[in-house]
Amino acid sequence: MVILMSIWDKFKKKNEDWKVLLKQSTDYQSTYYINKKTNNRFGFHFFSTLIDEQIIQESALPPLLNEEFKTLDDIKKIVPIADVQILEDTTKIEEKLLNGYVMITMDSDKKKYAFVAAQKEIVRSLSQPEIEFSVIGPKEAFVESIGQNLNLIRKRLPIKELISQEFTVGELSKTRVAVLHIEGLTNKENVDTVKQRLENIKIDSISDSSYIVELLSDNSNSLFPQLLDTERPDRVAAILAEGKIAIIVDGSPHVLIAPTTLIEFFSAFEDYFLNWIIASFFRLVRVFAVFFSILVTPIYVAALTYHFELVPADLLGTLVTSRRAIPLPPILEALFLELTIELLREAGARLPTKVGQTIGIVGGIVIGTASVEAGLTSNVLLIFVALGALASFTTPVYKMSNTIRVLRFPFLLFAQIWGMLGIVFCFCILTAHLLRLTSLGRPFLAPIYPLRIKDMKDSVIRSPLQNMSRRPSVLRTQNPYRFNSKKAKHNKDIDE
Amino acid sequence: MDSHVVPETSKVSPFLLFYIIISIQIGVGVLGYQRVIAEHAGYDGWISILITGIAVHIVMWMMFKMAETTDGDIIKVHQYVIGNIAGKIISFLLIIYFMLYILVILLNYIQVIQIWMFPDLSTFWYTLAFMALCTYVVFGGFRTVVGVSFFGMVLPAYLLITLVFTFRYSNFTQILPILDHSLIDLLTASYHMSLTFVGFEIILFVYPFIKEPQKSKKWAHLAVLVTTLFYTFLAILTFAYFSEGQLQKTVWATLSMWQIVQLPFVERFEYIAVANWNLIILPNICLSLWVASRLIKRTIHLKQRKGTVIIAAIIPLITLLFKTGEQVQKLSEITQKITFGFVFVYIPLLFIATMIAKRVKKQ
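In order, the protein sequences belong to chains A and B.
Using our numbering, you'd call the opening residue of the first sequence number 409 and step up by one each time.
Using our numbering, you'd call the opening residue of the second sequence number 143 and step up by one each time.
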């Protein structure tokens, strides 16, 4: 009994608490009105900043003032708003008020509370995708509102099988997170893993979907992002159809895609809008760019520090001439230039666009030429570093391009210690790490390892859409076929 | 939990045995086996390679038969034949066998590096770094180890293409006349070839980790066929490129052949080849380390993580004992005898014993 009493006390106290706390906020308002017909007094309680006052003024208040109603239950009949709830549970009051509901109380009916939805949605208008811009194709990008984003996706997949399940993450931020998948297509195990992990998240506040990326990742200590984030609704619709899962986080214009593979980070969505040969060529260029960007300076350092013999005589002549007056060893020279590029990138990213451009020009031209003229770096290395930086920016996904920029530093270090041997050794570490990585428990390196020849159709190359009749086998979807390839258009024989 | 029950999630597809076997067979031996066989069988050496290849197929058939009979790895075979305790003691000795394997590969490879690229490379530090990398791989589980074997085979495959450069300077009539050496010569060369071929005995250890192991048989045999043909092809190419007298003075024939490769931006291609050999060595060491640590787990029930760390820590310390090339040479010779004894003598004997035990148990 004593325990029960104490719980009751606590409950009561808590009950009082919320009123006291709410009244501290200046934007919490309570106003009372009297119905003209019955002379019943009723009150409106709400956060003026969370609700749309127009809805109350135009839809809720006039019928309540002018039409006859005796109990709170009658409100449902006379107020022309769909979302009206009558509750007796006092614990829900706080949550409802903070979600933009107006609470209506009546002096004659003190046990019940009516809640009328009057949320004010401040939505940014749709804009063009900035990071994943494409010349051809849709120009819509996600915004910060979960409702708006869901709308963009549902418009593209108007089927009842598209399921959206909502979670609340963050003890303080109460961020809404929606998990989307297509029922009967997406692997159930994957969906369950995502739900499980979302439920297990213990954190106070979520500011962006990047938080969710880190919290959902299989290995959060990895340099590599294990969930793909995109700002393109068309891309999300396409991957949902492929059998993957999309995660929308309220307040973030980036929707997450899981599970993902390494190759996916190097495919721009524009690839699907171009002719397949051209798209495949671009993809190959990007893959080449990655290797070039990571390896070019380390190879320069290794060759000039240890393996002069590796370089043919003619080329060595050019290298030696450009390095003749340089007092620094190759590693310092390389680090100096790499850091300069990093500084330029970082300064450019922190400054407003217009100033940033100026910095780019000043940095690129002035510092580059000046450091060569001052005899700090060689011309050849300057070209390599600049090309390497350029190559790293060809990666379509921003987070991955950051990873590639960082990756070259361990390679540089190993190149200095063991030359070519160190570069290959570092490459071994990288391979081992990538092999160990998983995204929602699915191998990150698929379809290269485990080797799935059929999945290769959409990896380093993009084959024609008609040929991609199967969904990626690594996802273990419930329906492995996208469409019936036999019924699809097939080539006629000669003279048919 | 019973330590020999393998969860379904850590098993791999049967065709992956193809990569496992190829990647563990091809190691440092490839860099210079041609001289050794030519020493005994002259330019008929390629026939010896084929003989060894056939012997390997036979032993492999025996191993599969044993594994099927007991439905498990070599420890189960031992228990089946000679009982629990004695079986475990012999299995424990195999840990040393695999450690020796790791040691010989690493020491030989580092010797190649020291001779060709870095005379002052520290054996200890390089071994330590390499073992740390392998520990990282083994910690990822068997699937990661197999993944490394896959990449260890696929990525360096381009090196093979570069050997095309030697064609212009090759004279294939040098291998004629065929069969001008006695059978004894050929068999001696085959014996010396065996060190380059071993590694495939790993089947007896990874067998429980393969889904539907019945289907893996054809992949295993295909793998041995591929390596046999690869060795033969490379040997013929070498014999056509070098004259017999020149080959006797070339310790690392394969590497010397790469010296002829010339690209507009690379002069000494063998540097790249030696550095790339890292990728070929990696699966060798990772698989051996995995097997050794698994053996520790199976025999003395120490956690595989601990076992891996212990072995990875011991190996660099042992390398401190080897200071000269002759010592490494000596170790390699001893290892050759041991591996030959294990693969071509012990395993056939064990096979016979298993078959007898099977008969006896049936009755």
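Idealized CB from N, CA, C, for every residue including glycine.
Round the Cβ separation of Ile656(A) and Ala666(A) to the nearest angstrom and send it over; I've been treating them as touching at under 8 angstroms. 12 angstroms between Cβ atoms; not a contact.
From Ile686(A) to Phe677(A), what distance separates their C-alpha atoms? 13 angstroms
Taking 9 angstroms as the CB-CB limit, is Thr839(A) close to chain B? yes
Out of curiosity, what's the CA-to-CA distance linking Tyr488(B) and Leu459(B)? 30 angstroms
Against chain B, which members of the stretch 574 to 605 of chain A pass a CB distance test of less than 9 angstroms? none
Taking only beta-carbon atoms, is Phe351(B) less than 9 angstroms away from chain A? no
Can you check whether the C-beta of Trp826(A) is within less than 9 angstroms of a C-beta belonging to chain B? yes
How big is the Cα-Cα spacing for Ser517(B) and Phe339(B)? What is shown of chain B runs 143 to 505, which leaves residue 517(B) out entirely.
Give a yes or no on whether 9 angstroms exceeds the smallest Cβ distance from Phe266(B) to chain A. no
Distance cutoff 9 angstroms, beta carbons only. Does Tyr413(B) sit that close to anything in chain A? yes
Can the beta-carbon of Leu636(A) be found less than 9 angstroms from the beta-carbon of Thr668(A)? yes
At what residues does the alpha helix (DSSP H) containing Ile707(A) begin and finish? Trp684 to Thr713
Tell me which same chain residues have a C-beta within less than 7 angstroms of the C-beta of Trp394(B), skipping the five on either side of it? Leu173, Gly174 and Val254
Restricting to Cα atoms, I'd like to know which of Ser847(A), Val832(A) and Leu845(A) is closest to Pro298(B). Val832(A)
Is there at least one Cβ from chain A nearer than 9 angstroms to Asp144(B)'s Cβ? Residue confidence for Asp144(B) is low, a pLDDT of 47 falling below 50, so the modelled location carries little weight; the figure read from the coordinates is stated next. False, the Cβ-Cβ gap to chain A never drops below 9 angstroms.
Decide yes or no for the touch test of the stretch 738 to 754 of chain A against the stretch 815 to 823 of chain A: beta carbon pairs closer than 8 angstroms, at least 3 of them. yes
The beta strand (DSSP E) with Glu639(A) in it runs from where to where? Note, Glu639(A): premise wrong, no beta strand (DSSP E); not H, not E.
Start and end residues, alpha helix (DSSP H) containing Val133(B): With chain B covering 143 to 505 only, the question about residue 133(B) has no answer from this structure.
Is the distance from the Cβ of Lys528(A) to the Cβ of Glu496(A) below 9 angstroms? no
DSSP has Ala522(A) in a bridge; who is on the other side? Ile494(A) and Ile512(A)
Under the rule that 16 or more other beta-carbon atoms within 10 Å means buried, what is Asp144(B), buried or exposed? Residue confidence for Asp144(B) is low, a pLDDT of 47 falling below 50, so the modelled location carries little weight; the figure read from the coordinates is stated next. When all chains shown are included, Asp144(B) counts as exposed.
With burial defined as no fewer than 16 other Cβ atoms inside 10 Å of the residue's Cβ, what is the status of Ile196(B): buried or exposed? exposed
Three-state class that DSSP yields for Leu588(A) in the structure shown: strand
Using DSSP with H/G/I as helix, E/B as strand and the rest coil, what is Arg501(B)? helix
Met295(B) versus chain A: which residues are under 9 angstroms apart at the beta carbon? The contacting residues do not exist; Met295(B) stays about 11 angstroms from chain A at best.
Proximal residues of chain A, C-beta to C-beta of Arg410(B) below 8 angstroms: His715, Glu717 and Leu718
Thinking just about the alpha-carbon of each residue, which of Tyr436(A), Pro735(A), Ala721(A) and Lys762(A) is nearest to the one in Val408(B)? Ala721(A)
Contacts that Tyr278(B) makes with chain A (C-beta to C-beta distance below 7 angstroms): Ala840
Alpha carbon to alpha carbon, how far is Ile422(B) from Val698(A)? 23 angstroms
How is the beta strand (DSSP E) around His453(A) delimited, first residue to last? Arg449 to Phe455
CA nearest to the CA of Glu548(A), picked from Ser613(A), Tyr889(A) and Ala645(A): Ala645(A)
Residue burial classification, Val287(B) (beta-carbon count within 10 angstroms, cutoff 16): buried
Straight-line gap, Trp258(B) to Ala782(A) (C-alpha atoms, nearest Å): 37 angstroms
Inter-residue Cα distance where the pair is Ile427(B) and Gly283(B): 14 angstroms
Chain-ordered neighbours of Met259(B) on chain A, where CB pairs are closer than 8 angstroms: Tyr714, His715, Gly827, Met828 and Leu829
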